[in-house]
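Numbering (the UniProt record's numbering), first residue to last: 1 to 133.
From the three backbone atoms N, C-alpha and C, an ideal C-beta is built for every residue, glycine too.
Here's the structure we're looking at; comments come further down.
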């Protein structure tokens with residue numbers, strides 16, 4: 001293969017994804033490999049898109065959000081529309097992640113308190129049992 005294209009196996013190795021993942025992203029119109037019979041050849045553009053897809057998934061963007069953002073690339077405005085929309089979606093996602101973190105921190109503190117209470121109860125019950133013996 002040339003540097004211009006990569007096979008599905010090369011893409012899997014380079015991005016640590018499965019062939020099924022690449023075919024799924026192709027079916028969802030996120031990637032557009034060149035088809036030569038049953039063979040898929042991924043271009044530099046596909047590699048860039050996959051990098052953005054994986055980053056978006058890591059940040060919790062839905063595939064539909066990612067597809068819409070990628071589709072804004074060719075608007076003819078030097079990617080201004082794409083960047084603005086990506087920034088808006090990222091701000092929303094960051095707010096959601098921060099809210100989830102805060103809720104998780106609260107749950108952790110509550111669980112620690114309950115475990116402390118439980119530990120005291122265990123010690124108390126054990127000491128009562130020993131006293132009764």
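- Annotated three-state conformation of residue 31 is coil, per DSSP.
- Excluding five sequence positions before and after residue 67, the CB atoms of its chain that fall closer than 7 angstroms to its own CB belong to 28, 29, 30, given in chain order.
- Leaving aside the five residues that flank residue 81 on each side, the residues in its chain whose CB is nearer than 6 angstroms to its CB run, in chain order, 72, 75.
- For residue 5, the uninterrupted beta strand (DSSP E) segment begins and ends at 5-7.
- Our two residues, residue 14 and residue 23, have alpha carbons roughly 16 angstroms apart in a direct line.
- The same chain holds no residue with a CB closer than 6 angstroms to that of residue 45 once the five nearest residues on each side in sequence are set aside.
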